[in-house]
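Okay, structure first, notes after.
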Amino acid sequence: MPQTYRVRYSLKPSGQHQTGADVVTVDFQTELDNIPGLLPPGAYIMYVEDLTDNRAVHWTRWPKAYRPGFGA
125 MPQTYRVRYS LKPSGQHQTG ADVVTVDFQT ELDNIPGLLP PGAYIMYVED LTDNRAVHWT
185 RWPKAYRPGF GA
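This is the structure in structure tokens:
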């Protein structure tokens, strides 16, 4: 059974000033690697939380395309 993840993202590119209004929070019940396909094009992931296990998902577990230093 897929886990539930809470994802915070912005459509502003990394490095630009982000305000609260720029950040979108959405919950997905899916596998972690499926999350990029569920987000709008150009989404910059800021945070991933595993709601099933009630803990943050460390960036090293994020989908490879979204890990810092890997590029999209």
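With this note's numbering applied, the sequence shown has no gaps in its numbers, which climb one by one up to 196 at the end.
Note that the Cβ used here is the ideal one computed from N, Cα and C, for glycine as well.
Determine the extent of the beta strand (DSSP E) in which residue i is found, giving its start and end residues.
i	result
D174	Y168 to D174
Q140	Taken as a continuous stretch (DSSP letters only), Q140 belongs to no beta strand (DSSP E), as it is neither H nor E.
D177	Neither: D177 is in no beta strand (DSSP E) and is coded neither H nor E.
V90	Summary: the structure shown does not reach residue 90, with the chain confined to residues 125 through 196, and so no result is reported for it.
D151	V147 to T154
Contact check, residue i vs residue j under 8 Å by CB: the rounded distance?
i	j	result
S138	Y168	5 Å
Q127	D174	6 Å
V150	V131	6 Å
Taking just the CA atoms, how far does residue j sit from residue i?
i	j	result
G166	Y129	19 Å
V147	K136	9 Å
R185	E155	12 Å
M125	P164	24 Å
Quick check on the DSSP output: the alpha helix (DSSP H) that includes residue i runs from which residue to which?
i	result
P160	I159 to L162
Exposed or buried, residue i, counting other C-beta atoms within 10 Å across all chains shown (16 or more means buried)?
i	result
T176	exposed
W183	exposed
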